[in-house]
Structures are given as C-alpha cells and as structure tokens.
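In the numbering used here, the protein residues as written are -1 to 444.
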Amino acid sequence: GPFNNLKRGSLQEMDCISLMRPITKWADACYETHRVAEYIELAVRHAVSNVPGPSYLEIPMDVMMGQVEEDGVTIPAMRTTPPRLRPGSSDVQEAIEILRSAEKPVILAGTNVKWSNAGDSLKRFISAAKIPTYVNGMARGILTFGHPQFFNRTRKAAITDCDVFLLAGAPLDFRLGFGDAIPATARIIQLDMENHLIGQNRSVDAAVVGNIGESFESLLQEMEQQSIDLDFGAWSDDLRQQELALEEQFATQTGSDEVPIDPLRMAKEVSHFVDKDTVLIGDGGDIVAQASKVIPVYGENCWMDPGPLGTLGVGMPFALAAKITFPQKKVFILFGDGSFGFNGFEFDTAIRFGLPIIGIIGNDAAWGQIMRPQSLMYGANRIPASTLEYTRYDKVVEALGGHGEYCERPEEIGPAIQRAIDCGKPALVNIKIRQDIGAPKGSHYT
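Laid out in structure tokens, this is it:
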C-alpha cells in the first residue's frame, strides 16, 4: 500500500520487508522519492557483493509516483561487478604445505567457483597440481569429460580414501554428510568467498578466503615460486580404472530395452542430443539424480538446477530466462512428472513469446523420491498421497498450441526428441518410465 496510508489497512498491505529479510541478502524500503536511485544502487551493491544473491527493495506506490526536482536527485554510479579480493599470503602458504604432504588429494568445486568466475583459474591449477577433481552445483560444466583431472562417478570412493580434501566454493552440508563423509584423518583445505562460510560443521586445517579465482591463482604462483612439482599419477590412475568399471556396470541399464523404460536408458537417449550449445535444466528429484549420472554437461552456464533447497517448479522459469538469454542454444528441461505439475502451464508463456523450449518428462506416475522411502517405512499399501497417474502431459502442451510426444518404448525416445527439436515450437516429450528404480535414501542431485 502507499506510504501515506501505512498501517491503515490498504489493499495488500503487509510487512513484506520482515517477510523477505530471512531469504535475501538485503531488504529495505525507500520512503522518499528523491532517494529512489540511491536505494536501487544500494540494493544492487548488496546483491553482487561477495556471494551474490537477491536483494529486496520496496518502493510504495505514492513514493514511486511522486514528483521531485531533478536537481535534488543524486544518481550514484552503479557497480555491478564486485572486487576480486585476494587471499592472505600466509593462508596460501599453509594450504600449499598441506598439499605437498598429500598422497591422495581430492578437489570438490562447487557453486561459488562459478560465482567467483574462477573456471579458468581452477583449470590452470588442477592442470599444474594434477589433483583428481569433482564438481557439483553450478560448477558443473566448468570441467568437461575428457579433461585428465575431471572425475565423475567415483566421488564417494575418492573422498572416502583421500588424505587431503580441498573444498572450493561448496559447503560441508548434507551432500557431504555434514563433513562426516571426509575421513577423520584427512586434512581439509577450504577456499571460499567469505569467512563465515569456512568450517561449517567441521573444522578445517587451512582456510583461504577471497575470490576463489584469485585463490587458485595465488596457490599456483606459490607452487611456481617454490618450484613445487606435485605428482599424484598413481592415485589418479586408480580412480580412472574405477570410473571405467562403473561405466561398464551402468551399460546394462543405459542399454536396457525394458518396458516401462529404465530411467538410465531414457537419460542415455537424451544425452545424444546434448552438446556445448545446449542448456540443460534439472527440475525433479529421482529422475534428475539418475540422469546426472549419464548426461554430460559440456560447458559453463550449460546446467541449471534448484540447488540444495531442491525447489520443484523451477524448470519453466529457468528455461524462459535461458532461452531469452541464449536464443541460439537448445534449452532442455528434464522434468519429473511431479515437478511438471508446479509450473508446466508456463508452456503457455513460451508459446506466446515464440520460445522453442523442449521439456522432457520422466513419468513414473509417482512422487518417486517420497514414495520409495515411505513404502519402505510404512508398506507399499500405505502411500496414497504419493502415487500419481501416467498422465498425458504432452496433450496439455498440445492444447496450449505447442508440440507433444509420448513414448512407451526406449527406441521411440530419440525420434521423438528429434521431432520436438525440428518442429520449431515449444515441445514436451512425455516418457513413461519404471516406478521401481530410485534413491530410497533421498536425493543427491545437486
């Protein structure tokens, strides 16, 4: 409501600032028209500083529509790129000393590597240090298949056996057992953008705080100055052999001709259409967890998912933004049938704006990530709220004016996706998959 009616019960009046403060980096309101520009700059500055995130600025209607003399308005300079802060030299030296003593080091690079624009620096460092490296979150795509230091399938085994764990831009949260996944005897080096992110859930042996790209460059410079030549070839070779063995194990499922379709076979078929000019968005639970084991990400900014919150329904909003930003790229959404129900009707927006987004549903007629653990705990006959139907969501998109495909056999998937691409319209490929494959212990897809 307008500021001049504050606390009087205006239409939709509520304390939005208190509501937004816990979920934003900064939340405030501007109550003077001549200061609107100042507050916009302040909101942007908070949003892009250190780890970027949302700001919330409330401008009441009467303040927004107010009139002031231009001479009385200050237009501040807008800086949208934060400074690249360098880490302390003693912290860098401490980290290098730990790496020099390592025999089985592992690097895990996470989302804040992306937010630090540290991809190139990460590549230079791991090429010099030759340390096996894994990625998660928005760091997916910074390293691609074929890079000698990039590993994908052996993360659990590598972390279990490591003696030094270098964590770059990722938290020690549930994805790492709150730190318990790392051996008690392993030494931990943590690189991150802000000091309060260091040592969450478990103390670290060396903390390197600053822009993560600058931190990797500083580590590399220290190695060069001390003429340090690290060699973890035997460790890397062992992990590579494990990766190849796991690849062979996956081949049984990725090549399965079973009906209903094995989700890993579905993912394999989708992977044939994914390249460096594809943005892939994960919007689901088990289906995204399964597909991420099979579908490669070929470049930075080519993967989007909801992160550790696991927020369903992000697929279409992400896809609309991605297609507008990268109109020349294919934009695929990998849906679960449950997640499609949240924002699937946004296909109407894509159709109205002529954005040829392609959705692919792994349809198991269930809230799979909920159903499987519930059935283990309560019995398969006590999950009434977790089962769905094999609904023809493709017909919904057709009714909106888009293109729909429905697949019940694995050999139908490839041609259906190709037709969806060729039609030049927003399209949905609805694929019937098995219910009985999943991750009973929960999701690990970020």
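Every residue, glycine too, gets a C-beta built ideally from N, C-alpha and C.
Please read these numbers as outputs of a predicted model, since none were measured by experiment.
Ile105 is bridged by DSSP to Thr131 and Leu164. C-alpha of Ala243 to C-alpha of Tyr391: approximately 38 Å in a straight line. By the neighbour-count criterion, in which a residue is buried when 16 or more other Cβ atoms sit within 10 angstroms of its Cβ, His401 is buried. With a threshold of 16 other beta carbon atoms within 10 Å, Gly139 meets it and is buried.
Annotation for Ser53: no alpha helix (DSSP H) segment contains it, though the beta strand (DSSP E) segment containing it runs Ser53 to Glu56. In the structure shown, Ala41 falls within a helical segment according to DSSP collapsed to helix, strand and coil.
In this structure Asn134 is in contact with Ala168, their Cβ atoms being roughly 6 Å apart against a cut-off of 8 Å.
In this chain, the beta strand (DSSP E) harbouring Trp24 covers Trp24 to Ala27. Of Ile359, Glu212, Lys430 and Gly(-1), the smallest CA-CA separation from Pro81 is found for Glu212. Met314 is the residue among Thr252, Gln239, Pro371 and Met314 whose C-alpha sits nearest the C-alpha of Thr347. In the structure shown, Tyr296 adopts coil according to DSSP, grouped into three states. Between Ala204 and Ile187, the beta carbon gap of about 5 Å places them in contact (Cβ cut-off 8 Å).
Cβ-Cβ distances below 7 Å link Ala418 to Ile356, His401, Glu403, Ala425 and Val427 in the same chain, with the five nearest sequence neighbours on each side left out; the list follows chain order. Around Ala100, the same chain offers Asp161 and Val162 as residues with beta carbons nearer than 7 Å, after the five sequence neighbours per side are excluded.
In the same chain as Asp362, and ignoring 5 residues on each side of it, the C-beta atoms closer than 6 Å to its own belong to Ile431 and Gln433, in chain order.
Leu217 is a Cβ neighbour of Ala127, given a cutoff of 9 Å.
Leaving aside the five residues that flank Arg98 on each side, the residues in its chain whose CB is nearer than 7 Å to its CB run, in chain order, Ile226. For Asn341, the enclosing alpha helix (DSSP H) stretches over residues Asp335 to Asn341. Counted as a single uninterrupted DSSP element, the alpha helix (DSSP H) harbouring Asp346 occupies residues Phe345 to Arg350.
Ranked by Cα distance from Asp159, the first of Phe148, Cys421, Asp171 and Asp178 is Asp178. If you draw a straight line from the Cα of Gln372 to the Cα of Gly283, it is about 15 Å long. By the criterion of a C-beta distance shorter than 8 Å, Thr142 is surrounded in its chain by Phe148, Pro294, Val295, Tyr296 and Gly297, once the five residues flanking it on both sides are discounted. Taking a C-beta distance under 9 Å as the contact criterion, Phe345 and Val312 do not qualify as a contact pair. The alpha carbon of Gln326 has as its nearest neighbour, out of Ala27, Gly422 and Leu120, the alpha carbon of Gly422. If one requires a minimum length of 3 residues, the beta strand (DSSP E) runs lying completely within the stretch 175 to 209 are 185 to 190 and 204 to 207, in chain order. DSSP places Leu426 in the uninterrupted beta strand (DSSP E) bounded by Ala425 to Lys430. Taking 9 Å as the cut-off, the Cβ atoms of Gln247 and Asp260 do not count as close. In this structure, the alpha-carbon of Gln91 lies about 53 Å from that of Glu68. The alpha-carbon of Leu40 is positioned some 41 Å away from that of Asp335.
At a Cβ-Cβ threshold of 9 Å, Leu164 and Pro103 count as neighbours. A distance below 9 Å separates the beta carbons of Ala107 and Ala166. For Ala289 and Ser87, the gap between their C-alpha atoms comes out near 41 Å. Counting only runs that start and end inside the stretch 48 to 90, the beta strand (DSSP E) elements of at least 3 residues fall at 53 to 56. If you draw a straight line from the Cα of Val42 to the Cα of Arg33, it comes to about 15 Å. Taking 9 Å as the cut-off, the beta carbon of Thr79 is found no closer than this to the beta carbon of Gly51. Following the DSSP letters along the chain, one finds Leu242 in no beta strand (DSSP E) but inside the alpha helix (DSSP H) bounded by residues Gly231 to Thr252.
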